[in-house]
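Peer 1: Dumping the structure here so I can ask a few things about it.
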């Protein structure tokens, strides 16, 4: 009996399939209808942009293991296509797939900056550091054209709203003028995500993200501008990139990072199947080992959503990873992330719509 073949990779895409979202009653599957002119045409998937007309942009959470309680994401979905992205299952709330839909159906918030200013002007608003890009990358490719993230930063700068940013894109260098001015007032800090130093692994795991060497150059660029920068070695994937943990921290420290963090691979909901088929296609010999070690960190399952365990896991492997990180960070003089205090005391809210200008 012929064994089924794993799905084929698509150039520039992380996910291999596009199964229906978990809330849908229908189920999609692929088959050869004879109409594709070539295999190249069949594998190509274009990016579709759609406006997200949300009436608010600040999201709030009470998760004790995250480090922020206010966040803003100008985009839903992410064209970087990182196969491990824990935000993928959120596309199910839009009636879409966590697979290819997540990286090809991108929703942007055209009035994000205006909505932010409106929320900052409310009397009930209490200034807290705002996490930019907590779910999807605020500097993904479409930002080059839409400039929503830059518009958000302009609002934050003008009203002294402190902001933290997480990205794996060199495009953040474009906004040095804003970030440098904010950092001088204790209002901005940046974290660059570096998952691996292996360019070949990046091409299949984070297909449209910056090369790891380019990300290290970005840390150096930000450090030269005195913008506090950290490195996030995440996610650490057992038996795949975990051996690089110390090297990532060393290279980032050399580039100018002052703080560091890490997380263990998280596979909530649809991500279990997506990551499994990705391993089967790209690293079939390692699949069993990777998933076995991950399950050992979560009591025999591939994911435990408990706040105290979801980021780092538990058990011998998780404890070893934590000890390695702590030892390397101490040796390199890297502070724990987040560690840069931001100043919320000088916040100057915008005038309320239709209201009088504030005199003091």
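Numbering (the numbering used here), first residue to last: 9 to 368. Backbone N, C-alpha and C define an ideal beta-carbon position, used for all residues, glycine too.
How is the alpha helix (DSSP H) around residue 210 delimited, first residue to last?
Peer 2: 207-213
Peer 1: Check the DSSP bridge columns for residue 190 and list the partner residues they point to.
Peer 2: Residue 190 is not bridged by DSSP to any residue.
Peer 1: Between residue 140 and residue 283, what straight-line distance do the alpha-carbon atoms span, to the nearest angstrom?
Peer 2: 26 Å
Peer 1: Relative to the C-alpha of residue 89, which residue among 251, 18, 31, 311 is closest?
Peer 2: 18
Peer 1: Can you tell me where the beta strand (DSSP E) holding residue 269 begins and where it ends?
Peer 2: Residue 269 -> beta strand (DSSP E) spans 267-272.
Peer 1: Which runs of the alpha helix (DSSP H), 4 residues or longer, sit entirely within the stretch 93-176?
Peer 2: 108-112, 120-128, 151-154, 156-166
Peer 1: I'd like to check one pair, residue 310 with residue 277: are the Cβ atoms closer than 8 Å?
Peer 2: Taking 8 Å as the Cβ cut-off, residue 277 and residue 310 do not qualify as a contacting pair.
Peer 1: Using only alpha-carbon positions, find the residue among 242, 53, 31, 333 that is nearest to residue 25.
Peer 2: From the listed residues 242, 53, 31, 333, the smallest Cα separation to residue 25 is found for 53.
Peer 1: So residue 322 and residue 305 are in contact, right, with Cβ under 8 Å, and what is the actual spacing, rounded?
Peer 2: Indeed, because the Cβ distance is near 6 Å, the residues count as touching under 8 Å.
Peer 1: Short of 6 Å in beta carbon distance, which residues of its chain neighbour residue 187, apart from the five on each side in sequence? Order them along the chain.
Peer 2: 196, 235
Peer 1: Identify every residue that forms a DSSP beta bridge with residue 199.
Peer 2: 174, 238
Peer 1: Sorted by chain position, which residues of the same chain lie with C-beta nearer than 7 Å to residue 116's C-beta, five sequence neighbours on each side aside?
Peer 2: Counting only Cβ-Cβ distances below 7 Å, and skipping sequence neighbours, we find 57, 59, 60, 82, 83, 150, 154, 156.
Peer 1: Tell me the rounded alpha-carbon separation between residue 224 and residue 308.
Peer 2: 36 Å
Peer 1: Among 267, 358, 286, which residue has its Cα nearest to the Cα of residue 346?
Peer 2: 267
Peer 1: What do you reckon, are the CB atoms on residue 76 and residue 118 nearer than 8 Å?
Peer 2: no
Peer 1: DSSP three-state call for residue 245: helix, strand or coil?
Peer 2: coil
Peer 1: Decide if residue 349 is buried, meaning its Cβ has at least 16 other Cβ atoms within 10 Å, or exposed.
Peer 2: exposed
Peer 1: Quick check: what's the CA-CA separation for residue 167 versus residue 351?
Peer 2: If you draw a straight line from the Cα of residue 167 to the Cα of residue 351, it is about 12 Å long.
Peer 1: Which whole-angstrom value is the C-beta distance of residue 174 and residue 240, which I expect to be below 8 Å?
Peer 2: 7 Å
Peer 1: Excluding the 5 residues preceding and the 5 following residue 67 in the sequence, name in chain order all residues of the same chain whose CB lies nearer than 8 Å to its CB.
Peer 2: 78, 79, 80, 81, 142
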